[in-house]
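These notes are about the structure you will find just below.
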Amino acid sequence: MSRLAGKVALVTGAGSGLGRAVAERFAAEGARVVVAEIDEPRGRTVAEGIGANAAFVRCDHTSSRENDRAVAFAVETFGALDIVHNNAGGPFTGAFENVDDAMLERVLRVNLFGVMQMTRAALPHLRESA
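Residue numbers for the sequence shown follow my numbering, beginning at 19 and rising by one.
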């Protein structure tokens with residue numbers, strides 16, 4: 019039996035890189051996977067590549083409403099939510115001393131607040147599945 023058989027995982031930023039690799043690995047380990055990605059073509063491609071055990075939902079990780087919607091989609095589609103991998107993130111670009119306040123705020127919205135908002139949305143379901 020696979021380690022994640024019967025589990026439902028939601029992976030943010032799953033359209034490329036580490037997020038894609040995590041989504042594919044979770045599926046290979048038996049999980050049903052929600053590919054949450056802001057870039058719809060990339061997200062759909064990953065979900066289609068995984069196959070029947072994956073579903074795509076467009077999610078802007080900086081929006082509480084979209085995080086709530088992604089969690090609801092996972093539960094409606096697969097009946098539960100057991101794992102959340104907050105992978106969506108954005109780096110600074112350029113030298114730190116040249117980063118303006120708008121860039122700082124964007125990075126914090128994605129890397130901090132997005133993670134907190136997604137975790138808050140998922141927590142009741144994660145507790146239920148624990």
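For each residue, glycine too, the CB sits at the ideal point set by N, CA and C. The structure displayed is predicted, hence computed values, not measured ones.
query = How far does the beta strand (DSSP E) with L28 in it reach, from first residue to last?
reply = Locating residue 28 in the sequence shown gives position 10, where the first residue counts as 1. Per DSSP, L28 belongs to the beta strand (DSSP E) from V26 to T30.
query = Going by other Cβ atoms of all chains shown within 10 Å of its Cβ, with 16 needed for buried, is L126 buried or exposed?
reply = Within the sequence shown, numbered from 1, the residue matching residue 126 stands at position 108. By the 10 Å Cβ count, L126 comes out exposed.
ask   = Do the CB positions of V64 and A139 come within less than 9 Å of each other?
value = The residue given as residue 64 occupies position 46 in the sequence shown. The residue given as residue 139 occupies position 121 in the sequence shown. No.
query = Assuming V40 contacts H103 under a Cβ cut-off of 8 Å, what Cβ separation, rounded to an integer in Å, is found between them?
reply = In the sequence shown, residue 40 corresponds to position 22, counting from 1. In the sequence shown, residue 103 corresponds to position 85, counting from 1. Confirmed, about 5 Å.
ask   = Do the CB positions of G37 and N105 come within less than 9 Å of each other?
value = For this step, residue 37 is matched to residue 19 along the sequence shown. For this step, residue 105 is matched to residue 87 along the sequence shown. Going by C-beta atoms, G37 is nearer than 9 Å to N105.
inquiry  = Spatial neighbours of F74 within its chain, please: C-beta separation below 6 Å, excluding the five flanking residues on both sides.
reply    = Translated into positions along the sequence shown, residue 74 becomes position 56. These residues qualify, in order along the chain: V53, G61, R62 and A65.
task = Below 6 Å CB to CB, which residues in the same chain sit around A27 once its five sequence neighbours on both sides are set aside?
result = Residue numbering aside, residue 27 sits at position 9 when the sequence shown is read from its first letter. Only F44, A49, V51 and I101 meet the Cβ criterion.
request  = Compare the C-alpha of R83 against each of G132, A32, E58 and T95 and name the closest.
outcome  = What you label residue 83 is simply residue 65 of the sequence shown in a count that begins at 1. The candidate whose alpha carbon is nearest that of R83 is G132.
ask   = Along the chain, where does the alpha helix (DSSP H) that runs through F91 open and close?
value = Position 73 of the sequence shown, counted from the first residue, corresponds to residue 91. Per DSSP, F91 belongs to the alpha helix (DSSP H) from S82 to F96.
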